[in-house]
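Participant: Order-wise, the sequence lines are chains A and B.
First residue of the first sequence: 44, per the numbering used here; consecutive thereafter.
First residue of the second sequence: 165, per the numbering used here; consecutive thereafter.
Backbone N, C-alpha and C fix where the C-beta goes; we use that ideal spot for every residue, glycine too.
Since the model is a prediction, treat every value here as computed from it, not as a measurement.
First the structure, which I've put down as structure tokens, then a few questions once you've had a look.
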Amino acid sequence: MNLIKQVAIILGFWFAGELLSYITKIPIPGSILGMLLIVLALEFKIIKPTRVKLVANFLLNNMAMFFIPAGVGIMCHFKILKQEWLPISVAIVISALLVLTVVGKLMERKND
Amino acid sequence: MISFLNTPLFQVSLTLVVFITAKKLQNKYKSPLLNPILITVLVVIGFLLISDISYDDYKKHTMVISFWLAPSVIALGYALYNFIEEIKSDVKRILLAMFLGSLTGIVSVIGFAYLFGASKLTIISLAPKSVTTPIAIEVSKEMGGVPSLTVAFVIVVGIFGAVFGHSFLKIIGVKNAKAVGLSLGASAHALGTASISEKGPDYSAFGGLGMALNGIITAIIAPWVVQLAIFLLY
Numbered sequence: 044m045n046l047i048k049q050v051a052i053i054l055g056f057w058f059a060g061e062l063l064s065y066i067t068k069i070p071i072p073g074s075i076l077g078m079l080l081i082v083l084a085l086e087f088k089i090i091k092p093t094r095v096k097l098v099a100n101f102l103l104n105n106m107a108m109f110f111i112p113a114g115v116g117i118m119c120h121f122k123i124l125k126q127e128w129l130p131i132s133v134a135i136v137i138s139a140l141l142v143l144t145v146v147g148k149l150m151e152r153k154n155d
Numbered sequence: 165m166i167s168f169l170n171t172p173l174f175q176v177s178l179t180l181v182v183f184i185t186a187k188k189l190q191n192k193y194k195s196p197l198l199n200p201i202l203i204t205v206l207v208v209i210g211f212l213l214i215s216d217i218s219y220d221d222y223k224k225h226t227m228v229i230s231f232w233l234a235p236s237v238i239a240l241g242y243a244l245y246n247f248i249e250e251i252k253s254d255v256k257r258i259l260l261a262m263f264l265g266s267l268t269g270i271v272s273v274i275g276f277a278y279l280f281g282a283s284k285l286t287i288i289s290l291a292p293k294s295v296t297t298p299i300a301i302e303v304s305k306e307m308g309g310v311p312s313l314t315v316a317f318v319i320v321v322g323i324f325g326a327v328f329g330h331s332f333l334k335i336i337g338v339k340n341a342k343a344v345g346l347s348l349g350a351s352a353h354a355l356g357t358a359s360i361s362e363k364g365p366d367y368s369a370f371g372g373l374g375m376a377l378n379g380i381i382t383a384i385i386a387p388w389v390v391q392l393a394i395f396l397l398y
């Protein structure tokens with residue numbers, strides 16, 4: 044029963060985020076707003092961390108798996124990927140490595 | 165036979181079994197190429213092509229898996245909260261790093277795609293590539309890109325970041341959990357975050373923060389950067 048309650052709380056924050064995104068029309072998805080809402084709720088002690096801990100940890104530990112159905116969707120774009128594979132892959136690889144370098148180095152500099 | 169293969173029971177089980185097996189292989193051989201997401205995606209695509217089952221069927225049948233993606237983004241909020249004091253004490257540097265990171269990501273992907281001859285539509289669709297899928301779709305739509313193509317790019321970036329990101333960071337000497345988490349979340353969204361989530365709660369927390377901040381910053385600045393780029397390049 045405890046687990047079901049935890050799932051319900053997490054879904055509740057998702058729902059609240061979706062609602063907020065729908066009402067305010069900000070171009071930020073409901074799940075991201077829900078994530079910010081749960082941080083606020085925890086920070087202002089509206090809910091205790093233990094109320095979602097078990098399910099949150101389960102979700103975090105298995106996040107990679109939830110991505111697979113979306114990842115398989117890449118098969119629908121083989122054509123364009125094949126046609127423009129060179130500029131696409133060069134741009135993606137260099138850009139991803141640059142972002143890693145900029146953020147990583149700026150955050151690593153002062154060691155803590 | 166085919167009708168049995170085209171059921172939620174079979175496709176969900178296949179996805180889970182391949183994923184678990186790939187994870188075991190990775191634990192045993194420690195090669196970044198054995199990334200469980202990459203392997204499972206490839207095996208499932210192979211299965212769908214051979215058995216002539218459409219992606220739409222697979223997508224519908226595995227909703228029970230993909231449904232949990234958004235709740236796991238909510239769970240990142242829980243992870244973040246556990247490090248809230250650390251974030252507060254360093255908020256200026258985090259915001260600066262993230263702003264420069266987002267800008268670098270958008271400008272460099274546009275620049276290199278243009279230099280290597282990508283079409284205008286591809287370039288626009290590439291601009292929000294480092295962002296989590298739902299934000300990327302919105303940004304792409306707003307800028308006149310092709311949302312479903314953007315989703316494909318987001319996934320390619322995510323898989324690339326998940327497979328090579330952490331090794332690359334080690335090579336350039338980025339080691340602390342905060343820097344690793346933020347930069348992987350910023351460059352490869354939830355997939356990058358997922359690739360390090362087992363290393364510790366601090367990695368997931370900063371991965372989630374990197375992903376959220378990059379998503380929000382990109383949603384705000386990408387349309388401007390793209391407009392400016394199109395004005396200058398075309």
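Could you check where the alpha helix (DSSP H) with LEU178 of chain B kicks off and where it finishes?
Facilitator: One-based indexing of the second sequence puts residue 178 of chain B at position 14. Segment 172-193, the alpha helix (DSSP H) holding LEU178 of chain B.
Participant: Contact criterion: CB-CB distance below 8 Å. Does LYS125 of chain A meet it with respect to chain B?
Facilitator: Along the first sequence, read from residue 1 onward, the residue named residue 125 of chain A stands at position 82. Residue-level contact by beta carbon fails for LYS125 of chain A and chain B, as no gap is shorter than 8 Å.
Participant: Going by the beta-carbon positions, is the gap between GLY325 of chain B and SER289 of chain B smaller than 8 Å?
Facilitator: Position 161 of the second sequence, counted from the start, is the residue given in the question as residue 325 of chain B. Position 125 of the second sequence, counted from the start, is the residue given in the question as residue 289 of chain B. Contact flag unset, no.
Participant: Relative to chain B, which residues along the region 129-147 of chain A have a C-beta separation below 7 Å, given in chain order?
Facilitator: Listed by position along the chain: LEU129, PRO130, ILE131, VAL133, ALA134, ILE135, VAL136, ILE137, SER138, ALA139, LEU140, LEU141, VAL142, LEU143, THR144, VAL145, VAL146, GLY147.
Participant: If we count the other Cβ atoms within 10 Å of its Cβ and call it buried at 16 or more, is ASN45 of chain A buried or exposed?
Facilitator: Numbered from 1 along the first sequence, position 2 holds the residue referred to as residue 45 of chain A. By the neighbour-count criterion, in which 16 or more other beta carbons inside 10 Å mark a residue as buried, ASN45 of chain A falls on the exposed side.
Participant: Which residues, in order along the region 57-89 of chain A, keep a beta-carbon less than 8 Å from a beta-carbon of chain B?
Facilitator: TRP57, GLY60, PRO70, ILE71, PRO72, GLY73, SER74, ILE75, GLY77, MET78, LEU79, LEU80, ILE81, VAL82, LEU85, GLU86
Participant: Can you tell me where the alpha helix (DSSP H) holding THR382 of chain B begins and where it ends?
Facilitator: The sequence position of residue 382 of chain B within the second sequence is 218, counting from 1. Its alpha helix (DSSP H) spans residues 365-397.
Participant: What did DSSP end up calling ILE217 of chain B once you bin it into helix, strand or coil?
Facilitator: Translated into positions along the second sequence, residue 217 of chain B becomes position 53. DSSP places ILE217 of chain B in the coil class of the three-state scheme, outside both helix and strand.
Participant: What does the alpha-carbon distance come out to for the pair GLY73 of chain A and TYR65 of chain A?
Facilitator: By one-based count along the first sequence, residue 73 of chain A stands at place 30. By one-based count along the first sequence, residue 65 of chain A stands at place 22. Pairing GLY73 of chain A with TYR65 of chain A, the inter-Cα distance amounts to about 8 Å.
Participant: Applying a beta-carbon distance threshold of less than 8 Å, which residues of chain A neighbour TYR222 of chain B?
Facilitator: As a position in the second sequence, residue 222 of chain B is number 58, starting the count at 1. Result: PRO112, VAL115.
Participant: Closer than 8 Å, Cβ to Cβ, to anything on chain A: give me those residues from the region 282-293 of chain B, in chain order.
Facilitator: ALA282, SER283, THR286, LEU290, LYS293
Participant: Would LEU383 of chain B pass as a contact of GLU302 of chain B if the rule is Cβ separation under 8 Å?
Facilitator: Within the second sequence, residue 383 of chain B is the residue found at index 219, counting from 1. Within the second sequence, residue 302 of chain B is the residue found at index 138, counting from 1. Inspection of the sequence shows that residue 383 of chain B is occupied by Ala rather than by Leu. Yes.
Participant: Let me know the secondary structure DSSP gives PHE280 of chain B once reduced to three states.
Facilitator: Start at 1 with the first residue of the second sequence, and residue 280 of chain B comes out as number 116. Coil.
Participant: CB MET108 of chain A to CB ILE229 of chain B, shorter than 8 Å?
Facilitator: The residue labelled residue 108 of chain A in the question sits at position 65 within the first sequence. The residue labelled residue 229 of chain B in the question sits at position 65 within the second sequence. It is a contact, given that the beta carbons lie within the stated cut-off.
Participant: Suppose you measure from the CA of LYS88 of chain A to the CA of ASN378 of chain B; what does that come to, to the nearest Å?
Facilitator: As a first step, residue 88 of chain A is located in the first sequence; it is residue number 45 there, counting from the start. As a first step, residue 378 of chain B is located in the second sequence; it is residue number 214 there, counting from the start. If I take the Cα positions, the gap works out to 27 Å.
Participant: Under a CB-based cut-off of 8 Å, is ILE53 of chain A close to chain B?
Facilitator: Your numbering for residue 53 of chain A matches position 10 in the first sequence. Yes, its Cβ sits closer than 8 Å to a Cβ of chain B.
Participant: So ASN104 of chain A contacts chain B; which residues on that side make the cut at Cβ distance below 8 Å?
Facilitator: For the purposes of this step, residue 104 of chain A is taken as the residue at position 61 of the first sequence. Residues of chain B passing the Cβ test: SER361, GLU362.
Participant: Using a beta-carbon distance below 8 Å, is LEU46 of chain A in contact with chain B?
Facilitator: Numbered from its first residue, the first sequence carries residue 46 of chain A at position 3. With 8 Å as the cut-off, LEU46 of chain A does not count as an interface residue toward chain B.
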